[in-house]
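Enquirer:
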Amino acid sequence: MRIDKSPAIIGSMFDRIAPTYDLLNAALSFSMDSRWRKTVISSLNIKDGDKVLDIATGTGDMAFRACRTAGCTVTSMDISRRMLDIAARKNKSSRGSFLITAGDAIAMPFSDETFDHAMTAFGIRNMPDLSAFLDEAFRILKDGGKMAVLELSVPSRFPWRWIYLTYFKTILPIIGGLVSGDFKAYRYLRDSVMGFPPPGELERLMEERGFEITQSSPLFFEIAHIYLLKKVAAEV
Ligand SMILES: C[S@@+](CC[C@H](N)C(=O)[O-])C[C@H]1O[C@@H](n2cnc3c(N)ncnc32)[C@H](O)[C@@H]1O
């Protein structure tokens with residue numbers, strides 16, 4: 006089944022579920038999302054003075070964590086205004102500075118080679134064109150810049166696959182729908198994860214678009230995956 010991921014449709018869907026997003030994220034992942042974000046930020050090794058872009062930032066949890074880690078400047082970008090409004094309200098950045106920009110990850114409003122690091126948590130799955138997204142991420146990173154991608158995935162082995170699919174296909178869309186009042190959005194979550202390329206396929210695409218993969222690790226019985234990428238400039 007082909008899912009329409011045009012930014013207007015996805016943006017308005019996230020606008021609708023923004024008020025209950027944080028609550029459901031924590032509940033449906035049994036709070037594992039917070040631990041995974043911490044792992045992503047520490048793997049980037051962000052230093053004072055670095056410029057960091059959080060792509061598809063949502064309500065900003067990755068960005069805030071980065072701000073607590075170092076005296077860096079973190080730009081939070083998202084297509085959903087309501088998600089960004091919540092991020093702005095939650096902002097209590099301590100060491101680093103926090104900036105907010107509305108924008109589409111397929112056509113980012115930044116010059117070439119602006120950022121030392123980019124990251125996206127549960128964002129890449131929503132992109133209508135993965136190659137175009139990776140090309141944009143490559144463009145805005147400085148040479149040698151790093152990008153971390155955290156995304157949900159489907160376990161490949163029995164019995165975890167069976168347990169996960171039972172939860173993901175039946176229980177999760179019902180709880181998500183009841184709490185958010187938007188059953189369609191949580192069916193989208195299920196369908197977008199099920200239809201997303203598995204790690205091997207995604208890695209091939211990342212390499213094709215010019216990234217070097219420095220780490221690719223499954224998390225908690227493969228229900229999520231972290232990819233660490235490096236922009237290696239082409240030799241002239
Ligand atoms: C599942 S949420 C993840 C939010 C956040 N990164 C987190 O860790 O909770 C996905 C986010 O991607 C954003 N998004 C989807 N398509 C986008 C696009 N084309 N450009 C920018 N943001 C997009 C949505 O608005 C939403 O906030």
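For the sequence shown, the working numbering gives the first residue as 6, with consecutive numbering after it.
No residue lacks a Cβ here, since even glycine has one placed at the ideal position from N, Cα and C.
(1) Can you tell which of V154, I180, F188, R166 has the C-alpha that lies nearest to the C-alpha of W41?
(2) Locate the alpha helix (DSSP H) running through M18, then write down its first and last residues.
(3) Straight-line CA distance for M88 to G149?
(4) Suppose only complete runs of 3+ residues qualify. What are the beta strand (DSSP E) ranges in the stretch 118 to 184, listed by chain order?
(5) For G186, which option in S11, I15, I22 has the closest C-alpha, if you only look at C-alpha atoms?
(6) Is it buried or exposed, V57, if we count other Cβ atoms within 10 angstroms and call 16 or more buried?
(7) Three-state secondary structure (DSSP) at K236?
(8) What do you reckon, is the C-beta of F69 under 6 Å from a heavy atom of ligand 1?
(9) In the DSSP assignment, what are the bridge partners of L207?
(10) Please output, in chain order, the residues near ligand 1 using a CB cut-off of less than 5 Å to any non-hydrogen atom of the ligand.
(11) What residue range is occupied by the uninterrupted beta strand (DSSP E) comprising R110?
(12) Considering only the alpha carbon of each residue, which of P223, I176, Y172, A142 lies closest to A61?
(13) Please identify the residue among K43, C77, I91, K97 whose C-alpha is closest to the C-alpha of H122.
(14) Please identify the residue among I218, K10, F225 whose C-alpha is closest to the C-alpha of I111.
(15) Kindly indicate which residue of K235, I46, A68 has the alpha-carbon position closest to the one of R214.
(16) Should V184 and T74 be called a contact, given that it needs their Cβ atoms to be closer than 7 Å?
(17) Using beta-carbon positions only, say whether L49 and K151 come within less than 7 Å of one another.
(18) Per DSSP, which residues does I60 bridge with? Please list them.
(19) Mind reading off the beta-carbon distance from R130 to S34? Whole number of angstroms is fine, and I expect it under 8 Å.
Expert: For this structure:
(1) V154
(2) 12 to 33
(3) 31 Å
(4) 120 to 126, 146 to 157
(5) I22
(6) buried
(7) strand
(8) no
(9) Paired residue(s): none; L207 is not in a bridge.
(10) P12, I15, F19, A61, G63, D83, I84, S85, M88, D109, A110, A126, F127, G128, N131
(11) Note that residue 110 is Ala in the sequence shown, not Arg. Segment: none, A110 is in no beta strand (DSSP E) and carries neither H nor E.
(12) A142
(13) C77
(14) K10
(15) K235
(16) no
(17) yes
(18) M82
(19) R130 to S34, Cβ: 14 Å. No contact.
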